[in-house]
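Report on one structure; see the data block that follows.
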């Protein structure tokens, strides 16, 4: 398997800004992947228990729903997966699949699996950048797979391994997280639930092209966290292939009775009890984290500051 880039100038800045300058060890993956100090992973867990993710009852049955549906679809869609794998292999050099490290629920790292839709090792030629509409790195069969979202089918394996869900925020690369959670409001709260193969942001919005589009998707992701139900998951699962077949987004939303964008974006001004600042969680950090062995430096975070300037927002941050 190989890695396939999806970046542009914004993402190059993010990668350059978040790349560590020394080898650090951490006890939890969120501290390792972001600029959050040790103990914030536990704080995210506390936020979940305090009600940031409101539908706690559905969260208990959601894994069972995912497992049953993924098992059924794996059997039904296996012939299609086999045909696509053969076509990818025959029409371009390189493997049919690729995997890439992403961060899941509470920033647990896992390997996401997709059909390869770009030229093998294309990052060596083009450098790291976001995929564009007419990206010449995309193979002919890859273009079709991306338009129809069939390149995501192998993620049924990630669902069966309990790493992903059918519906949820899309998982991001570790290289991006440390800056995104500093520059994009409430970005870290996306990691309160398992990432999804599809999600509310994917159904309503086009692919990311810059930091502004990432911020827009967070608004929709947080709406999903607050309102997730089995019915909403079913609506979004059905909406995804309908849009892939070319039905207009507005028509799909109307047919499936999905919330209007105005309703979702109205919640962009979130009430304080929805996404409280980490510092306002009442449990002190010392009580939230088990004390480390005095001789164990694996949880010690060395301070490092990497400036990032985003011309779109005119901001500069240190992480």
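In the UniProt record's numbering, the protein residues as written are 1 to 319.
We treat Cβ as the ideally placed atom computed from N, Cα and C, and that holds for glycine.
Quantities reported herein were computed from a predicted structural model and do not represent experimental measurements.
Subject >> Candidates 145, 120, 67, 111: closest to residue 80 by CA position >> reply: Among 145, 120, 67, 111, the Cα nearest to that of residue 80 is on 145.
Original post:
Any idea what DSSP makes of residue 172, helix, strand or coil?
Top reply: strand
Original post:
Between residue 261 and residue 204, which are expected to be in contact by the criterion C-beta below 8 Å, what is the C-beta distance as a whole number of angstroms?
Top reply: 6 Å
Subject >> Sequence-distant residues of its chain with Cβ nearer than 7 Å to residue 326 (five each side left out) >> reply: Only positions 1 to 319 of the chain appear in this structure, which leaves residue 326 out of reach.
Subject >> Inter-residue CB distance, residue 110 and residue 153 (contact presumed, cutoff 8 Å) >> reply: Their Cβ separation, rounded to whole angstroms, is 17 Å, which puts residue 110 and residue 153 out of contact at 8 Å.
Original post:
If you compare alpha carbons, which of 104, 137, 196 is closest to residue 120?
Top reply: 137
Original post:
Once you ignore the five residues that flank residue 187 on each side, which residues in its own chain have a CB closer than 7 Å to its CB?
Top reply: 180, 181, 218
Original post:
Do you know how far the Cα of residue 200 is from the Cα of residue 266?
Top reply: 15 Å
**OP:** Going by CA-CA distance only, name the one from 210, 97, 242, 164 that's closest to residue 107.
**Re:** 164
Original post:
Residue range of the beta strand (DSSP E) that residue 114 falls in?
Top reply: Looking at the DSSP string, the run of the beta strand (DSSP E) that includes residue 114 is 109-115.
Original post:
Under the DSSP definition of a beta bridge, which residues are partnered with residue 161?
Top reply: The partner list for residue 161 (beta bridge, DSSP) is empty, contrary to what the question assumes.
Original post:
Going by the C-beta, is residue 75 closer than 8 Å to any heavy atom of the ligand NAP?
Top reply: For the ligand NAP, the structure offers nothing, since it holds no ligand at all.
**OP:** Can you tell me which of 76, 173, 140 puts its alpha carbon nearest to the alpha carbon of residue 102?
**Re:** If we check each option's Cα against that of residue 102, 173 comes out closest.
Subject >> Under the three-state DSSP convention, the category residue 260 falls into >> reply: coil
**OP:** Write down the C-beta distance between residue 171 and residue 112 rounded to the nearest angstrom, noting that I regard them as a contact closer than 8 Å.
**Re:** 6 Å
Original post:
I think residue 207 touches residue 168, with their Cβ atoms under 8 Å apart; what is that distance to the nearest whole Å?
Top reply: With 8 Å as the limit, residue 207 and residue 168 do not qualify as a contact, their Cβ atoms being about 17 Å apart.
**OP:** Compute the Euclidean distance between the alpha carbons of residue 259 and residue 178, then round it to the nearest angstrom.
**Re:** 31 Å
Subject >> Coarse secondary structure for residue 91, derived from DSSP in three states >> reply: helix
Original post:
Which one of 91, 232, 192, 226 has the shortest CA to CA distance from residue 139?
Top reply: With respect to the C-alpha of residue 139, the residue from 91, 232, 192, 226 having the closest C-alpha is 91.
Original post:
Is residue 151 near residue 99, with beta carbons less than 9 Å apart?
Top reply: no
**OP:** Could you check the C-alpha separation between residue 96 and residue 149 for me, to the nearest Å?
**Re:** 15 Å
Subject >> DSSP state of residue 193 mapped onto helix, strand, coil >> reply: coil
**OP:** Could you tell me whether the Cβ atoms of residue 224 and residue 232 are closer together than 9 Å?
**Re:** yes
Original post:
Once you ignore the five residues that flank residue 67 on each side, which residues in its own chain have a CB closer than 8 Å to its CB?
Top reply: 159, 160, 162
Original post:
Does the beta-carbon of residue 240 have 16 or more other beta-carbons within 10 angstroms, so that it is buried, or is it exposed?
Top reply: buried
**OP:** Assuming residue 230 contacts residue 65 (C-beta within less than 8 Å), just tell me the rounded distance between them.
**Re:** 7 Å
Subject >> Beta-bridge partners of residue 198, as assigned by DSSP >> reply: 167
Original post:
Does DSSP put residue 137 in a helix, a strand or coil?
Top reply: Look at residue 137 here: in three-state DSSP terms it is coil, with no helix or strand label.
Subject >> DSSP state of residue 101 mapped onto helix, strand, coil >> reply: Residue state, collapsed to three classes: strand.
Original post:
Quick one: is residue 62 buried, meaning 16 or more other Cβ sit within 10 Å of its Cβ, or exposed?
Top reply: buried
Subject >> Separation of residue 235 from residue 242, as counted between CA atoms >> reply: 11 Å
**OP:** Can you grab the Cα-Cα spacing for the pair residue 272 / residue 226, in whole Å?
**Re:** Any reading at residue 272 is ruled out, since the residue's pLDDT is 42, under 50, leaving its predicted position unreliable.
Original post:
On the premise that residue 198 lies in contact with residue 166, defined as a C-beta separation below 8 Å, what is that separation, rounded to the nearest angstrom?
Top reply: 7 Å
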